[in-house]
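Taking it in order: structure first as structure tokens, then the write-up.
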Amino acid sequence: MGKRKKFTPEENQEMRDMYNLRDENGKRKYKQADIAKYFETHSTYVCLINRDNPDTGEKFRSLIEYNDYNARQRINPETNKKFKSLHDYQNYNAGKQTNPETGEKFKSRIEKETYAARQKINPETGKKFESKSEYENYNARKRINPETGKKFRSKTEYNVYTARQRKINSKTLDSIVEEVEGEE
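Our numbering applies: residue 14 is where the sequence shown begins, and numbers increase by one.
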């Protein structure tokens with residue numbers, strides 16, 4: 014299946030429309046698996062975007078929104094209260110695992126991800142990555158920028174591109190652009 018694709022609201026709606034199409038006998042015209050294959054995604058994604066978010070009454074817009082909702086329904090055994098967010102839930106789960114380097118529990122999801130990145134081998138050097146940011150920069154440099162046809166030079170440059178695609182406000186974009194130009 015490859016990497017998970019981010020879908021536009023229009024693509025999500027097209028999936029919903031296909032999912033809701035019925036034949037003359039009232040049966041679904043397309044199965045979730047068929048829609049997933051057409052859009053090159055997983056059938057679970059097709060299923061979840063057709064579910065209503067009880068918090069908003071609208072359909073879930075993304076896997077992240079769905080996972081965040083589900084995480085907030087879970088009870089933290091340490092506090093007996095619901096988790097506040099997916100981030101909170103992921104930090105709790107990371108804290109249950111032991112860092113082999115220190116023998117102590119991970120303090121956060123980020124600490125666990127940083128450890129995991131440092132265990133991977135950089136194909137360019139044959140050595141382990143020294144940091145999570147080095148690993149992320151390596152992965153960004155493998156991607157092609159559709160605007161230029163060339164590979165991205167860094168994760169920051171990739172983030173600028175994706176920010177433009179999301180049409181974030183210009184003040185934030187300008188500060189990111191200044192950061193990239195400062196790297197050159």
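Where a beta carbon is used, it is the ideal one built from N, C-alpha and C, also for glycine.
None of these values were measured; they are calculated from a predicted model.
According to DSSP, residue i sits in a beta bridge with which residue or residues?
i	result
Thr-111	Lys-118
Lys-72	Asp-65
Ile-134	Lys-141
Ile-157	Lys-164
Asn-89	Lys-94
Arg-41	Arg-35
So, for residue i: in the same chain, excluding its five sequence neighbours on each side, which residues have a beta-carbon less than 7 Å away from its beta-carbon?
i	result
Arg-29	Ile-62, Asn-63 and Lys-72
Tyr-148	Ala-130, Lys-133 and Phe-142
Lys-184	With a pLDDT of only 49 at Lys-184, under the threshold of 50, the placement of this residue in the model should not be trusted; the figure read from the coordinates follows. Correct list: empty, nothing qualifies.
Let me confirm a value: residue i is counted as buried when at least 16 other C-beta atoms fall within 10 Å, else exposed. Which label applies?
i	result
Tyr-79	buried
Ala-46	exposed
Ile-157	exposed
Glu-170	buried
Ile-48	buried
Asp-36	exposed
Thr-21	exposed
Tyr-51	exposed
Asn-25	buried
For residue i, which residues from the same chain have a beta carbon less than 6 Å from its beta carbon, with the 5 sequence-adjacent residues on both sides left out?
i	result
Gly-70	none
Ala-84	Phe-96, Leu-99 and Tyr-102
Within a Cβ cutoff of 8 Å, which residues of the same chain sit near residue i, ignoring the five residues on either side of it in sequence?
i	result
Gln-105	A small fix is needed here, since residue 105 is Tyr in this sequence, not Gln. These residues qualify, in order along the chain: Asn-89, Glu-91 and Phe-96.
Asn-112	Lys-118, Phe-119, Glu-124, Lys-125 and Tyr-128
Lys-155	Lys-164
Ile-77	Leu-99
Cys-109	What sits at residue 109 in the sequence shown is Lys, not Cys. Correct list, in chain order: Lys-118.
Gln-160	For the record, residue 160 in the displayed sequence is Glu; it is not Gln. Here the set comprises Tyr-174.
Ser-144	Thr-127, Ala-130 and Arg-131
Report, in whole angstroms, the separation of the C-beta atoms of residue i and residue j, which I expect to be a contact under 8 Å.
i	j	result
Val-59	Tyr-32	6 Å
message: Under 8 Å: do the segment 91–99 and the segment 109–117 share three or more Cβ pairs, one atom per stretch?
response: no
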